[in-house]
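Below: one structure, written as structure tokens.
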Amino acid sequence: MSPLQHLPIESPTTESVLLAAQSVTKKYGDVSVLHSIDVEFRSGEIHALLGENGAGKSTLVKILAGIIPATTGQVTGDAHDNRDVAMVFQELSVVPQLSVLDNLALAGRSNRMWIPYRRLRERARSALDSAGLADIHLDRPVETLSLAQQQLLELARGLIRKAQVLILDEPTATLSDIEIRRVHTVTKKLAAAGHAVLYITHRLAEVMELADHVTILRSGRIAASGPRTEFTLNTIVDHMLGDAHQAAVRDSVAKDERDPENALVLTALTVQGRYEDVSLTAHDGEILALFGQVGSGADDVVRSLAGFLPPQRGAITLRSKPLTVSSRVATQRSGIGYVPADRANEGVFLDAAVTTNISSSALNRVSSRKLIRHKRERELARVGADGVRFNPERLKENVSAFSGGNQQKVAIARALAMQPCLLLMSEPTRGVDVGARAEIYQTVRHLAGEHVLVVVYSTDILEIRELADRAVTMYRGKTVGSHRIDETSDATLITEILHGEPA
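Be aware that the sequence shown starts at 3, since it is given in this note's numbering, and climbs by one per residue.
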């Protein structure tokens, strides 16, 4: 018996409707968030739910999972009881300090009955096997698992409850390409075993590879729904954005206008155990991308330049002057802005207003005699919002009220408020919708056109292709190749980050 047969679905027929929204609407006061949504999720099917941030995806899945009620309409189907629906969020909910078994026990125990310890271990083992974690010991501390393993453990937490419907919210947003393939393999097996998988992602290439059915939300309404074979990447984007869809405009600096002195030069930079002998140059008027898997050392190089991981040897020059990156305070004084990958914990203050966030990195510009001048602060925030295409009417609201795309815009505006000469970005559009992504790319291209040096770390080949002018590939802490994006292929870049040899 295969592992996936250990946890059978409770009596769904082939392609039965496990969950359905029927004329579901949702209002908050006078504001309508969802408008008469009708959609079905069937056993054995991977159903991609797409839409820009703010399109209504989160509200719909919370209604489907029984977390919040619909204003009108109903949720039906064989799995309409919320005990039959499990949600796996982008932000992990596992408890790192506990063992794998303890984490599964928290999800698997019922309030109505006590589960014998031996039976609990059997169910936990079966859930792990089904989630692609057959090699993980039940007593292993969760904090020792990789990010991909923790994401699969989240899946196992749903399986131990015998959930028939699995809602996966951006499950691969923080994973490398190899880890993504592992999650995809498990997801396909779970669907083949009879589960209905509701898959939310901003990575459209995943949709084309993985999904059986696609539903696209726009402004709280279904813009399109049907078999995945009826869609192309272009038609998906068109449905998501509607009339607002416009091609991104790439700003650039003509070669004869570039300043050869305006450059970042790394020579044999090393942090033992992270990366070794990294040498590269970021030139005026171009966007340099460091491309590598999680753990390749590429992100560590960016964090070193930001002042969080001081190099042990090597040299850095910025604008022909030696640069010391001993701390974040030192790099800020040198004019280095940083947008981290983990925007919620490092990039913004979620419980503070947008205005406060933007001004926090440039207090010298909004204060005098140690007092903040609120008029200056408001003006700085307004200019910053305009620069990243953020709605200036919402500057007083807390950042936590906004979608991932808008939170990322605030993080970028915060970094730009200090007027950097070098902007560092890690995974700049991770978990960001298509529309906001295009706007962020436009902002970054414009900065490069204004002679701001830009260095980006990304694990997303589509982002590298769309955003960067040049890419340096990394593998196990060492640089592999350096390429003009318009002169190289995706196959070359991917081969180098997977195998560590020039293609």
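Beta carbons: idealized from backbone N, C-alpha and C, even for Gly.
Simplified DSSP state of residue i, which is helix, strand or coil
i, result
"Met210", "helix"
"Val242", "Checking the sequence, you will find Met at residue 242 rather than Val. Of the three classes helix, strand and coil, the one that applies to Met242 here is helix, per DSSP."
"Asn359", "helix"
"Ser428", "strand"
"Asp104", "helix"
"Thr78", "strand"
"Glu259", "helix"
"His453", "coil"
"Ala493", "helix"
"Pro5", "In this prediction, Pro5 scores a pLDDT of 39, lower than 50, which makes its location untrustworthy; no coordinate-derived value is stated."
"Asp279", "strand"
"Asp171", "strand"
"Ser460", "strand"
"Glu42", "strand"
"Gly406", "helix"
"His448", "helix"
"Thr326", "coil"
"Val19", "strand"
"Ile11", "Reliability fails at Ile11, whose pLDDT of 42 lies under 50, so the model's placement of it is uncertain and the value that follows must be treated cautiously. Looking at Ile11 - three-state DSSP - the assignment turns out to be coil, as it is neither helix nor strand."
"Leu509", "No answer is possible for residue 509: the residues shown for the chain start at 3 and end at 505."
C-beta atoms of residue i and residue j nearer than 8 angstroms
i, j, result
"Val77", "Asn105", "no"
"Leu266", "Ala57", "no"
"Leu290", "Ala417", "no"
"Arg478", "Gly451", "no"
"Pro504", "Val482", "yes"
"Phe310", "Arg330", "yes"
"Ala21", "Val102", "Here residue 21 turns out to be Leu, not Ala, going by the sequence shown. Not closer than 8 angstroms, so no."
"Ser2", "Ala364", "Outside the shown range of the chain (3 to 505) lies residue 2, about which nothing can therefore be said."
"Met476", "Ile499", "yes"
"Ala226", "His204", "no"
"Val390", "Lys411", "yes"
"Gln444", "Arg345", "no"
Between the CA atoms of residue j and residue i - distance to the nearest angstrom
i, j, result
"Leu426", "Asp279", "20 angstroms"
"Arg378", "Ile442", "25 angstroms"
"Ala50", "Gly79", "18 angstroms"
"Val454", "Gln99", "42 angstroms"
"Thr234", "Asp214", "13 angstroms"
"Met89", "Val341", "29 angstroms"
"Gly386", "Gly407", "16 angstroms"
"Thr333", "Asp435", "31 angstroms"
"Glu465", "Arg159", "32 angstroms"
"Leu122", "Leu140", "11 angstroms"
"Phe43", "Leu200", "7 angstroms"
"Val296", "Ser178", "5 angstroms"
"Glu17", "His285", "55 angstroms"
"Ala493", "Ser306", "29 angstroms"
"Phe91", "Ile70", "16 angstroms"
"Ser370", "Leu168", "54 angstroms"
"Pro313", "Ser361", "30 angstroms"
"Ala512", "Phe392", "With the chain covering only 3 through 505, there is no way to say anything about residue 512."
"Ser95", "Val401", "21 angstroms"
"Leu130", "Leu66", "25 angstroms"
"Phe152", "Thr237", "Checking the sequence, you will find Gln at residue 152 rather than Phe. Distance between the alpha carbons of Gln152 and Thr237 is about 34 angstroms."
"Gly75", "Asp83", "16 angstroms"
"Gly437", "Arg467", "17 angstroms"
"Arg120", "Ala109", "16 angstroms"
"Lys28", "Val41", "15 angstroms"
"Thr174", "Val185", "7 angstroms"
Supposed contact pair residue j and residue i - C-beta distance, whole angstroms, cut 8 angstroms
i, j, result
"Glu72", "Val26", "The residue asked about is misnamed: residue 72 is Ala in this sequence, not Glu. Confirmed, about 5 angstroms."
"Thr272", "Arg315", "5 angstroms"
"Phe351", "Thr358", "7 angstroms"
"Gly433", "Glu172", "5 angstroms"
"Ala133", "Leu157", "4 angstroms"
"Val209", "Arg230", "7 angstroms"
"Ala136", "Gln166", "Wrong, their Cβ atoms sit about 22 angstroms apart, outside the cutoff."
"Gly337", "Leu243", "Not confirmed; about 35 angstroms, so no contact."
Interface flag, residue i vs chain C, CB-CB below 8 angstroms
i, result
"Glu181", "Absence of chain C from the displayed structure is noted, only one protein chain being present."
Would you be able to state if there are at least three C-beta pairs under 8 angstroms between the stretch 459-478 and the stretch 281-296?
-> yes
When the Cβ atoms of the stretch 29-40 are set against those of the stretch 56-70, are three or more pairs found closer than 8 angstroms?
-> yes
Just checking, does the stretch 474-494 make contact with the stretch 320-332 on the three C-beta pairs under 8 angstroms criterion?
-> no
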